[in-house]
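Trainee: In the working numbering, the protein residues as written are 1273 to 1663.
Backbone N, C-alpha and C fix where the C-beta goes; we use that ideal spot for every residue, glycine too.
#1: Buried or exposed: where does residue 1367 fall if 16 or more other Cβ atoms within 10 Å of its Cβ makes it buried?
#2: Where are the alpha helix (DSSP H) runs, 4 residues long or more, that stay fully inside the region 1582-1638, in chain order?
#3: Quick one: what's got a C-beta closer than 7 angstroms to residue 1301's C-beta in the same chain, skipping five residues either side?
#4: Please classify residue 1550 as buried or exposed, where buried requires at least 16 other C-beta atoms within 10 Å of its C-beta.
#5: Using only the alpha-carbon positions, how far apart do residue 1360 and residue 1577 sit?
#6: Would you kindly work out how many angstroms separate the C-alpha atoms of residue 1546 and residue 1335, rounded to a whole number?
#7: Quick one: what's residue 1303 bridged to in DSSP?
#8: Between the region 1557-1577 and the region 1308-1321, can you find at least three pairs of beta-carbon atoms closer than 8 angstroms?
#9: Measure the alpha-carbon distance for residue 1645 versus residue 1562 and round it to whole angstroms.
#10: How long is the line joining the alpha carbons of residue 1657 and residue 1479, rounded to whole angstroms?
#11: When the Cα atoms are used, what is the spatial distance from residue 1444 to residue 1622?
#12: Short of 7 angstroms in beta carbon distance, which residues of its chain neighbour residue 1498, apart from the five on each side in sequence? Order them along the chain.
#13: Please report the straight-line C-alpha distance between residue 1464 and residue 1348, rounded to a whole angstrom.
#14: How big is the Cα-Cα spacing for residue 1346 and residue 1590?
#15: Is DSSP giving residue 1540 helix, strand or coil here?
#16: If you drop the 5 nearest sequence neighbours on each side, which residues of the same chain put their C-beta closer than 7 angstroms to that of residue 1466?
#17: Smallest Cα separation from residue 1638: which of 1614, 1655, 1651 and 1650?
#18: Check the DSSP bridge columns for residue 1580 and list the partner residues they point to.
#19: On the three-pair Cβ rule with 8 angstroms, is the region 1477-1496 touching the region 1449-1457?
#20: For residue 1309, which of helix, strand or coil comes out of DSSP?
#21: With DSSP collapsed to three states, give me the class of residue 1343.
#22: Under the criterion of a Cβ to heavy atom distance below 7 angstroms, does residue 1322 qualify as lining the ligand COA?
#23: Since residue 1473 is in the alpha helix (DSSP H), which residue starts that stretch and which ends it?
If you want it as structure tokens, here you go:
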């Protein structure tokens, strides 16, 4: 039979198939990549005119064969590497709160200054020159002039500050916060592995939270993700999230799958605007996989933009709203997930989906993972308030 994810033998001359998706277009843009091209040292094209839009509260799935450019795209979006051509655009806008207040303050300051000038200048013109001389030579004249100068300076500074505040509020683009969640160990450890799991997860949480509040969220996130320690001899569950946090369980004491789960929870706790999930479930067992997908769905409901990179169609069936297929660095098909999976149009997409369906347990895309996911809809730990606030 065919090897897993075999490349099509014959090149296709078909152009990209881009299906309209009104539901996606209604969501605000978070970040977009436009006509990206990238080559590594061998000068072999990795990305070719690659474009993608990530929107708030929307998940774009991206599937393709190995070395098709999926991870390279994620690295460009996060700024780890830079494209030879094309651009990445952040569409996040500055907060608009306070614009009306600063506008009102500015208007009042201008009105007060204008009223003072209008009232004082005509009266000054009526004062005789002799009186002016007497005032200027009086003992209290320097104090009066100094106070008047302070009033003018204060009003001028207030006007300048209000103008700068108005200019910087609401109309200025801001950079989205991005997190690249990867399954590659060498790239994902950006913390001291001797830290406790509480410290690893809480480090990325909102800074205004107290230590006690962070600890509460850590426990809730551990429960939602199904984190559990086991007796190495008997395989029996040992302890609870509350006990792990209380006793200072360290990241270095965990197995590979447990470490990846803690790393994923750390990324989720950051509440980044954009989550780039690159083989998110790598290393997780069948019990934790659907739980993590539920947590990702919760983040999406809170307007997080998601790019979900994987080779597994079961996962994108569950989590992705739109689905793109990438081949040789170009997204050759993009549209609503159900349409792309059930009725692929581009030859490369058809070949990939057909090969996937021929694998054991994959004739129905979604499979047992979808069943497990559906069975967790009323899970108390997942329904709890485990999601920490944004910065």
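Mentor: On the basis of the supplied data:
#1: One-based indexing of the chain shown puts residue 1367 at position 95. Here residue 1367 scores only 47 on pLDDT, less than 50, and its place in the model should not be relied on; the value that follows carries that caveat. The residue in question, residue 1367, is exposed, as its Cβ has fewer than 16 Cβ neighbours within 10 Å.
#2: 1585-1591, 1609-1614 and 1619-1629
#3: On the chain shown, residue 1301 is found 29 positions in, with the first residue counted as 1. Closer than 7 angstroms at the Cβ level, and outside the excluded window around residue 1301, lie 1325, 1327 and 1363.
#4: Sequence index remark: in the chain shown, residue 1550 carries index 278 (1-based). So residue 1550 counts as buried.
#5: The residue labelled residue 1360 in the question sits at position 88 within the chain shown. The residue labelled residue 1577 in the question sits at position 305 within the chain shown. Whole-angstrom Cα-Cα distance: 15 angstroms.
#6: Numbered from 1 along the chain shown, position 274 holds the residue referred to as residue 1546. Numbered from 1 along the chain shown, position 63 holds the residue referred to as residue 1335. Looking at the two C-alpha atoms, the distance is approximately 18 angstroms.
#7: For the purposes of this step, residue 1303 is taken as residue 31 along the chain shown, with counting starting at 1. DSSP lists 1326 and 1362 as partners of residue 1303.
#8: no
#9: Position 373 of the chain shown, counted from the first residue, corresponds to residue 1645. Position 290 of the chain shown, counted from the first residue, corresponds to residue 1562. Taking the straight line joining both Cα atoms gives about 5 angstroms.
#10: Stepping through the chain shown from its first residue, residue 1657 is reached at position 385. Stepping through the chain shown from its first residue, residue 1479 is reached at position 207. Rounded to whole angstroms, residue 1657 to residue 1479 spans 18 angstroms at the Cα level.
#11: Counting from one through the chain shown, the residue named residue 1444 turns up at place 172. Counting from one through the chain shown, the residue named residue 1622 turns up at place 350. Because the pLDDT of residue 1444 is 47, which lies under 50, any placement of that residue in the model is unreliable, and the number read from its coordinates should be weighed accordingly. Spanning the two alpha carbons is a distance of roughly 43 angstroms.
#12: For the purposes of this step, residue 1498 is identified with residue 226 of the chain shown, where counting begins at 1. Around residue 1498: 1559, 1560 and 1563.
#13: Numbered from 1 along the chain shown, position 192 holds the residue referred to as residue 1464. Numbered from 1 along the chain shown, position 76 holds the residue referred to as residue 1348. Going by the C-alpha atoms only, they are around 26 angstroms apart.
#14: On the chain shown, position 74 is the one that residue 1346 refers to. On the chain shown, position 318 is the one that residue 1590 refers to. Distance between the alpha carbons of residue 1346 and residue 1590 is about 21 angstroms.
#15: In the chain shown, residue 1540 corresponds to position 268, counting from 1. If DSSP states are grouped into helix, strand and coil, residue 1540 belongs with the helices.
#16: In the chain shown, residue 1466 corresponds to position 194, counting from 1. If we look at residue 1466 and ignore the five residues flanking it on each side, its Cβ neighbours are 1522 and 1524.
#17: The sequence position of residue 1638 within the chain shown is 366, counting from 1. Minimum Cα distance to residue 1638 is reached at 1614.
#18: Walking along the chain shown from the start, residue 1580 turns up at place 308. As DSSP reads the structure, residue 1580 sits in a beta bridge with 1333 and 1549.
#19: Taking 8 angstroms as the limit for Cβ pairs, the verdict is that the region 1449-1457 does not touch the region 1477-1496.
#20: Numbered from its first residue, the chain shown carries residue 1309 at position 37. Strand.
#21: Within the chain shown, numbered from 1, the residue matching residue 1343 stands at position 71. The answer is helix: DSSP assigns residue 1343 an H, G or I state.
#22: Among the ligands in the structure shown, none appear at all, so the ligand COA cannot be discussed.
#23: Start at 1 with the first residue of the chain shown, and residue 1473 comes out as number 201. Looking at the DSSP string, the run of the alpha helix (DSSP H) that includes residue 1473 is 1469-1474.
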